[in-house]
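> Before I ask anything, let me first share the structure, which is written out below as structure tokens.
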Amino acid sequence: EVQLVESGGGLVQPGGSLRLSCAASGFTVSNNYMSWVRQAPGKGLEWVSVIYSGGSTYYADSVKGRFTISRDNSKNTLYLQMNSLRGEDTAVYYCARDDGWLYFHHWGQGTLVTVSS
Amino acid sequence: DIQMTQSPSSVSASVGDRVTITCRASQGISSWLAWYQQKPGKAPKRLIYAASSLQSGVPSRFSGSGSGTDFTLTISSLQPEDFATYYCQQAAIFPLTFGEGTKIEIK
């Protein structure tokens, strides 16, 4: 059974950093396209970043240069390093596995990031 | 960026009703479109991909159609568990973008 479990969210001050983790089971992260998608409180869904099985990465303009997606193959875990955080980064962050066509098939339960002083 | 415009933003409907949601892309995306259902406090669930392919395990009352710029999600006979928010998503060009969502509420 495919499972995705996010962790690492919390309260951080503006300008601070946070690293989110997404532990996967039931499949191999490195063989799949993996994305982060976020949802601000009461708002819609926003794609953040993707890492291809080959290692290529892409980002939304709103996070480019501040966020970095990566994976640890030995831990079968996806990461999102978030630096220079802003209030508008406050959201529930979901990791998602897609089937190679950039449609999100499996989702984690999400982890809440709150950026506030 | 490709803008995805959904309509309506909300709809009140009754069990058994036929409901249609539309999604318009600001430029052609062929059939690179998915539909998701999200219930409060839960992660989204994929219903349709490639515009009209039904996700395994999703009831056949859900269907998708369209190509190019205009797409529809139809629920043929609304069930109590279908009251939720629905999003379209284009997968044609980065950045991947979602529609603003359509909330189906109980009439």
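First to last, the sequence lines map onto chains U and H. Position in the first sequence (from 1) plus 10 gives the number in my numbering. Position in the second sequence (from 1) plus 60 gives the number in my numbering. For glycine and all other residues, C-beta sits at the position ideal for the given N, C-alpha and C. From a predicted model like this one, the values you see are computed outputs, not experimental measurements.
Counting C-beta neighbours from all protein chains within 10 Å, is the total for glutamine 139 of chain H 16 or more, i.e. buried, or is it exposed?
The residue is exposed, with fewer than 16 neighbouring Cβ atoms inside 10 Å.
> Rounded to whole angstroms, what is the Cα-Cα separation between phenylalanine 158 of chain H and glycine 65 of chain U?
The straight-line gap from Cα to Cα measures roughly 24 Å.
> Residues of chain H with a CB under 7 Å from the CB of aspartate 71 of chain U: which are they?
Result: Pro155.
> When every heavy atom of the ligand NAD is checked, does at least one fall within less than 7 Å of the C-beta of serine 27 of chain U?
Looking for the ligand NAD in the displayed structure turns up nothing, as the structure carries no ligands at all.
> Check aspartate 82 of chain U in the structure and name its three-state DSSP category.
Correct three-state label for aspartate 82 of chain U: strand.
> Per DSSP, what kind of secondary structure is valine 73 of chain U in: helix, strand or coil?
Looking at valine 73 of chain U - three-state DSSP - the assignment turns out to be coil, as it is neither helix nor strand.
> What three-state label does DSSP hand glutamate 160 of chain H in the structure shown?
Three-state result, glutamate 160 of chain H: coil.
> Considering just the uninterrupted stretch of the beta strand (DSSP E) at valine 60 of chain U, what are its terminal residues?
Here the beta strand (DSSP E) through valine 60 of chain U covers 55-61.
> Suppose the cutoff is 7 Å on Cβ atoms and the five residues either side in sequence are ignored; what does the same chain contact list for tyrosine 109 of chain H look like?
Answer for tyrosine 109 of chain H: Ala94, Gln115, listed in chain order.
> Which residue from U:Gln49, U:Ser126, U:Thr78 puts its Cα closest to that of isoleucine 61 of chain U?
Nearest of U:Gln49, U:Ser126, U:Thr78 to isoleucine 61 of chain U, Cα basis: U:Thr78.
> Report yes or no: is there a C-beta of chain H within less than 8 Å of the C-beta of glutamine 119 of chain U?
So yes, glutamine 119 of chain U belongs to the interface.
> Quick check: is the beta carbon of glutamate 160 of chain H nearer than 8 Å to any beta carbon in chain U?
With 8 Å as the cut-off, glutamate 160 of chain H counts as an interface residue toward chain U.
> Leaving aside the five residues before and after glycine 110 of chain U along the sequence, list all residues of the same chain whose C-beta is less than 7 Å from its C-beta, in chain order.
For glycine 110 of chain U, where only same-chain residues beyond five positions count, the Cβ hits under 7 Å are Tyr43.
> Could you work out which residues of chain H lie near glycine 54 of chain U, taking near to mean beta carbons separated by less than 7 Å?
Chain H residues near glycine 54 of chain U: Tyr147, Phe158, Glu160, Gly161.
> With a threshold of 8 Å, are at least 3 pairs of Cβ atoms found where one atom belongs to the stretch 25-40 of chain U and the other to the stretch 67-84 of chain U?
With a cut-off of 8 Å, the stretch 67-84 of chain U and the stretch 25-40 of chain U count as touching, because enough Cβ pairs lie within range.
> With a cut-off of 8 Å, does the C-beta of arginine 106 of chain H fall near any C-beta of chain U?
Yes, arginine 106 of chain H lies at the interface with chain U (some Cβ there is under 8 Å from its Cβ).
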